[in-house]
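Residue numbers (the working numbering), protein chains in the order written: chain A, 1 to 235; chain B, 236 to 620.
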Amino acid sequence: MAFIEIDELRKTYRGEADCVVALNRLDLTVAEGTFLGVMGHSGSGKSTFLSILGGLCHPTAGQVLVDGIDLYQLSGEKLADFRREYLGFVFQSFNLIPYLTACENVMLPLAVKKMPGAEKRRAAEQVLEKVGLAARLQHLPNQLSGGEQERVAIARALVNAPPLILADEPTGSLDTATSQEIMELFKTLNQEGQTIVMVTHNSENRPYFDRTVTLRDGELAEDSQTSFQVIARAG
Amino acid sequence: MKLETIAFNNLRRRKSRMAFLVIGLLIGVATVVTLISLSNALTADAQHKMENYGANIVITPHSDSLSLTYGGMPLGGVAVDSTEIRQSDLEKITTIPNHRNIAAIAPKVLGVITTDSARVLLMGVDIEKEFHLKRWWTIRGNPVLNDQQLVAGHEVAKKLGLVPGSTLTIQNSKFMVSGVLEKTGSQDDQLLIGSLPAAQRLLHKEGTVSLVEVAALCSDCPVTDMVQQIATVLPNVDVSAIQQVVKTRMHALSQFRTFSLAIAAIVLLIGALVVFVTMMGAVNERTREIGIFRALGFRRAHIMRLILLESAVVSLLAGILGYLTGMGITRLILPFMTEQQLHLQWNPLLGAAAVTLALVVGCIASFYPALQASRLDPTEALRAL
Numbered sequence: 001m002a003f004i005e006i007d008e009l010r011k012t013y014r015g016e017a018d019c020v021v022a023l024n025r026l027d028l029t030v031a032e033g034t035f036l037g038v039m040g041h042s043g044s045g046k047s048t049f050l051s052i053l054g055g056l057c058h059p060t061a062g063q064v065l066v067d068g069i070d071l072y073q074l075s076g077e078k079l080a081d082f083r084r085e086y087l088g089f090v091f092q093s094f095n096l097i098p099y100l101t102a103c104e105n106v107m108l109p110l111a112v113k114k115m116p117g118a119e120k121r122r123a124a125e126q127v128l129e130k131v132g133l134a135a136r137l138q139h140l141p142n143q144l145s146g147g148e149q150e151r152v153a154i155a156r157a158l159v160n161a162p163p164l165i166l167a168d169e170p171t172g173s174l175d176t177a178t179s180q181e182i183m184e185l186f187k188t189l190n191q192e193g194q195t196i197v198m199v200t201h202n203s204e205n206r207p208y209f210d211r212t213v214t215l216r217d218g219e220l221a222e223d224s225q226t227s228f229q230v231i232a233r234a235g
Numbered sequence: 236m237k238l239e240t241i242a243f244n245n246l247r248r249r250k251s252r253m254a255f256l257v258i259g260l261l262i263g264v265a266t267v268v269t270l271i272s273l274s275n276a277l278t279a280d281a282q283h284k285m286e287n288y289g290a291n292i293v294i295t296p297h298s299d300s301l302s303l304t305y306g307g308m309p310l311g312g313v314a315v316d317s318t319e320i321r322q323s324d325l326e327k328i329t330t331i332p333n334h335r336n337i338a339a340i341a342p343k344v345l346g347v348i349t350t351d352s353a354r355v356l357l358m359g360v361d362i363e364k365e366f367h368l369k370r371w372w373t374i375r376g377n378p379v380l381n382d383q384q385l386v387a388g389h390e391v392a393k394k395l396g397l398v399p400g401s402t403l404t405i406q407n408s409k410f411m412v413s414g415v416l417e418k419t420g421s422q423d424d425q426l427l428i429g430s431l432p433a434a435q436r437l438l439h440k441e442g443t444v445s446l447v448e449v450a451a452l453c454s455d456c457p458v459t460d461m462v463q464q465i466a467t468v469l470p471n472v473d474v475s476a477i478q479q480v481v482k483t484r485m486h487a488l489s490q491f492r493t494f495s496l497a498i499a500a501i502v503l504l505i506g507a508l509v510v511f512v513t514m515m516g517a518v519n520e521r522t523r524e525i526g527i528f529r530a531l532g533f534r535r536a537h538i539m540r541l542i543l544l545e546s547a548v549v550s551l552l553a554g555i556l557g558y559l560t561g562m563g564i565t566r567l568i569l570p571f572m573t574e575q576q577l578h579l580q581w582n583p584l585l586g587a588a589a590v591t592l593a594l595v596v597g598c599i600a601s602f603y604p605a606l607q608a609s610r611l612d613p614t615e616a617l618r619a620l
């Protein structure tokens with residue numbers, strides 16, 4: 001069964017002279033447990049695709065279902081709840097909060113959840129340990145290396161145990177060796193059953209994906225066949 | 236980890252911005268506290284001075300006959316044939332319900348006496364109370380200190396050629412002129428002023444007084460009620476309030492307070508604007524951060540709560556520090572504003588009001604920035620996705 005169903009997705013932006021089509025008639029289904037790579041050149045619509053999938057940006061037309069939930073039928077606040085319960089975001093350039101420690105950054109998605117503080121801390125420590133940062137709990141982001149900041153961002157995306165992780169160019173600002181470490185980490189998470197959608201323009205990341213789709217001028221230009229294998233494995 | 240943790244950590248780790256916010260509001264609160272505490276202290280001082288400056292209730296005997304005037308006020312019958320007030324009855328004034336509001340009871344006996352060369356009006360007074368009450372009197376020489384001394388009014392002194400140290404014989408008794416009043420422009424210039432017992436003896440009015448002036452200690456106490464109360468305990472006299480005096484005092488004090496409050500309101504408004512501008516700046520500065528919070532599933536209400544929480548912490552701090560600073564400034568400048576040594580009261584009510592005011596102003600000034608923050612489009616805010 002498809003975990004993500006995208007049907008006739010269209011997104012246009014109003015430009016100064018005319019309408020700019022960011023995504024056009026995009027159809028896609030993704031099975032649970034897939035590590036999906038979304039590739040394409042700059043301006044191909046990758047980031048818009050991820051924003052829409054993340055419930056951050058309303059499409060002009062079409063439907064997006066995640067785990068059977070029609071995202072854009074939800075009210076603004078319900079959409080926020082959906083993001084909190086269903087999604088883990090890993091942003092480009094980490095996007096950690098500079099005045100919070102690594103542990104506090106990881107606990108952010110739990111901040112508005114009703115659960116005991118000790119439990120939140122335990123959950124954060126566990127995921128930080130999982131990404132290899134058990135010794136860096138109390139460090140501020142500016143006291144961590146780029147790779148470590150990325151790991152904190154991944155831990156933050158995981159702390160809620162969300163069914164889906166959305167990652168936007170997570171290796172974009174990392175050196176090759178660190179990028180590989182991070183991709184290995186994502187692969188490990190995926191092998192544990194985590195569904196991941198990652199936007200990247202780095203073709204070196206391609207081998208890590210179960211399935212790769214390429215966008216060109218807002219349209220689906222290429223879809224690798226690996227997805228069938230993943231569906232078969234998931235099934 | 237709660238919203239409070241985020242708010243506290245933001246404030247703790249962005250000390251300069253927090254300090255700027257606190258100082259902005261603190262200046263407003265401190266100014267309000269300074270003006271209000273100064274106004275209170277000076278009002279109390281002015282009230283005290285004004286209450287001691289002349290009477291606002293006059294007690295005169297019942298009389299339908301001869302009428303003399305004193306200080307331009309009709310005093311009823313003070314002629315020989317009129318009913319006098321028994322001095323012993325004056326004790327009853329101290330039993331009225333509002334007796335704590337009475338600052339001074341100044342009895343007087345009045346009558347015409349013959350000196351070596353002329354007939355003049357003699358006024359016997361309770362020396363201590365009268366000279367305390369008539370602070371506008373400027374005496375060349377000394378006030379009356381005993382029963383053998385007199386103070387001469389300006390005109391009397393001129394007419395009889397009296398100077399401090401002169402002697403005067405009245406009904407075979409010798410009196411020394413201890414001082415001469417500087418010109419007052421009132422009927423006091425026409426008087427010889429002596430002690431009450433001496434005057435009563437000379438006028439043959441032992442145990443009686445001609446009129447009583449009462450100074451009521453209040454800016455807003457019910458003078459008309461006090462008049463009623465005195466009339467009840469002294470049924471055979473006329474008691475009247477000098478409304479003009481009361482109203483003038485009230486007006487002066489209320490104008491002083493209104494002026495202080497107006498200045499305080501303006502400064503507070505400026506403080507609120509500082510908070511508003513700083514919070515708007517902070518929201519703009521934190522656009523990306525707010526985008527992250529929204530992407531991570533924070534509701535709009537969570538963002539508003541976060542911003543208002545930070546503002547409440549800042550306002551609370553500014554309120555407490557503003558109160559302390561305001562009281563400190565008042566303590567420093569009060570000695571330069573009054574001749575008397577005034578005791579500054581630590582008013583917990585003013586403290587609570589200052590903190591509440593800071594909280595209200597801080598939260599109102601931050602409401603719009605918080606609303607703006609909550610309305611930020613997360614995609615626009617992040618720009619990364």
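We treat Cβ as the ideally placed atom computed from N, Cα and C, and that holds for glycine. These figures come from a predicted structure and were not determined experimentally.
Taking all protein chains shown into account, decide if H486(B) is buried (16 or more other Cβ within 10 angstroms of its Cβ) or exposed. By the 10 Å Cβ count, H486(B) comes out exposed.
Can you pull the chain B residues whose beta carbon is under 9 Å from the beta carbon of I97(A), in chain order? Using a Cβ-Cβ cut-off of 9 Å, I97(A) is close to I241, N244, N245, E524, I527, F528 of chain B, given in chain order.
Just checking, does the segment 139-149 of chain A make contact with the segment 42-61 of chain A on the three C-beta pairs under 8 Å criterion? Touching, no.
Evaluate M626(B) with the Cβ neighbour count: other Cβ atoms within 10 Å of its Cβ, from every protein chain shown; 16 or more gives buried, anything less gives exposed. Any answer about residue 626(B) is impossible in this case: the structure gives chain B only from 236 up to 620.
From this set, D70(A), H41(A), L144(A), which residue's C-alpha is nearest P98(A)'s C-alpha? Relative to P98(A), the option among D70(A), H41(A), L144(A) whose CA is nearest is L144(A).
Please decide whether G45(A) counts as near chain B, where near means a Cβ-Cβ distance under 8 Å. At a cut-off of 8 Å between beta-carbon atoms, G45(A) makes no contact with chain B.
Unbroken beta strand (DSSP E) run spanning I6(A), endpoints: I6(A) -> beta strand (DSSP E) spans 2-14.
Looking at C-alpha atoms only, which residue of L185(A), N205(A), L189(A) is the closest neighbour of G172(A)? Just measuring C-alpha positions, the residue of L185(A), N205(A), L189(A) sitting nearest G172(A) is N205(A).
Whole runs of the alpha helix (DSSP H) within the segment 246-287 of chain B, excluding any shorter than 4 residues: Every alpha helix (DSSP H) of 4 residues or more that sits fully in the segment 246-287 of chain B is shown, in chain order, as 250-287.
Just the chain E side, please: which residues come within less than 7 Å of K120(A) by C-beta, in chain order? Although the question refers to chain E, the structure presented lacks it and instead comprises the protein chains A and B.
Three or more beta-carbon pairs under 8 Å between the segment 362-374 of chain B and the segment 495-515 of chain B, yes or no? These segments do not touch.
If we ignore side chains and look at the alpha-carbon of each, how far apart do G311(B) and I320(B) end up? Annotation note: pLDDT 48 at G311(B) (below 50); position unreliable, coordinate value reported separately. So the two alpha carbons sit approximately 12 Å from each other.
If you scan the segment 346-380 of chain B from start to end, which runs of the beta strand (DSSP E) of 3 or more residues do you find wholly inside it? For the segment 346-380 of chain B, whole beta strand (DSSP E) runs of length 3 or above, ordered along the chain, are 354-360, 374-376.
Beta-carbon contacts of I525(B) that lie in its chain and below 7 Å, excluding the five residues immediately before and after: Counting only Cβ-Cβ distances below 7 Å, and skipping sequence neighbours, we find I538, A608, L611, A616.
Does the segment 460-472 of chain B come into contact with the segment 386-400 of chain B, if we say contact requires no fewer than three beta-carbon pairs (one atom in each stretch) closer than 8 Å? Verdict: no, contact absent.
List, from N- to C-terminal side, the alpha helix (DSSP H) runs of 4 residues or more that fit wholly inside the segment 461-549 of chain B. Given a length threshold of 4 residues, each whole run of the alpha helix (DSSP H) inside the segment 461-549 of chain B is given here in chain order: 478-520, 522-530.
Per DSSP, G37(A) is paired with what? Per DSSP, M198(A), T212(A).
Where DSSP assigns a beta bridge to S408(B), which residues make up the other side? I405(B).
Less than 8 Å between CB atoms is the rule here; does R534(B) satisfy it with respect to chain A? Chain A contact via Cβ: present.
Going by alpha carbons, who is nearest to L261(B) out of N245(B), I564(B), L496(B), P583(B)? Distance check between L261(B) and each of N245(B), I564(B), L496(B), P583(B) places I564(B) closest, using alpha-carbon atoms only.
Report the partner residues of L427(B) according to the DSSP bridge assignment. Per DSSP, the beta-bridge partners of L427(B) are L357(B), A387(B).
For L380(B), count neighbouring Cβ atoms within 10 angstroms of its own Cβ and tell me buried if that reaches 16, exposed if not. It is exposed - the Cβ of L380(B) has fewer than 16 other Cβ atoms within 10 Å.
Check whether the segment 585-595 of chain B touches the segment 537-553 of chain B, taking contact to mean three or more Cβ pairs, one atom from each stretch, closer than 8 Å. Put simply, the segment 585-595 of chain B touches the segment 537-553 of chain B. At least three CB pairs are less than 8 Å apart.
Could you list which residues in chain A have their beta carbon closer than 8 Å to that of L531(B), in chain order? Residues of chain A passing the Cβ test: R83, R84, F89, L108, P109, R156.
Please state the DSSP three-state secondary structure of P432(B). In the three-state scheme derived from DSSP, where H, G and I count as helix and E and B as strand, P432(B) is classed as helix.
For R83(A), which residues of its own chain have a beta-carbon under 7 Å away from its beta-carbon, when the five flanking residues on both sides are left out? Here R83(A) has G54, G55 as same chain residues with Cβ atoms under 7 Å from its own Cβ, once five neighbours each way along the sequence are excluded.
Out of R566(B), S430(B), K237(B), which one is the CA nearest neighbour of V412(B)? It is S430(B).
Just to confirm my understanding: we take P59(A), look at its own chain, exclude 5 residues before and 5 after, and list those with CB closer than 6 Å. What are they? Closer than 6 Å at the Cβ level, and outside the excluded window around P59(A), lie L9, K11, I52.
Under 7 Å between beta-carbons, which chain A residues line up against P613(B)? List them in chain order, please. What P613(B) touches in chain A: L56.
To which residues does DSSP link I320(B) through a beta bridge? Note: I320(B) is bridge-paired with V444(B) in the DSSP secondary-structure output.
Please state whether DSSP places A31(A) in a helix, a strand or coil. Correct three-state label for A31(A): strand.
Need the endpoints of the beta strand (DSSP E) that T295(B) sits in, please. Start and end: 292-296.
What in chain B is Cβ-close to G117(A), meaning under 9 Å? Under the 9 Å cutoff, chain B gives M236, K237, T240.
With a CB to CB cut of under 8 Å and the five nearest residues on each side skipped, what residues in its chain are close to R354(B)? Excluding residues within five positions, the ones whose Cβ falls inside 8 Å are V347, I348.
Going along the chain, which residues of its own chain have a beta-carbon closer than 7 Å to the beta-carbon of N202(A), five neighbours each way excluded? Within the same chain, Cβ atoms closer than 7 Å to the Cβ of N202(A) are found at T171, the five residues on either side in sequence being excluded.
When Cβ atoms are compared, which residues of the segment 486-499 of chain B fall closer than 8 Å to chain A? Legend: CB atoms of the segment 486-499 of chain B lying less than 8 Å from CB atoms of chain A are not found in any residue.
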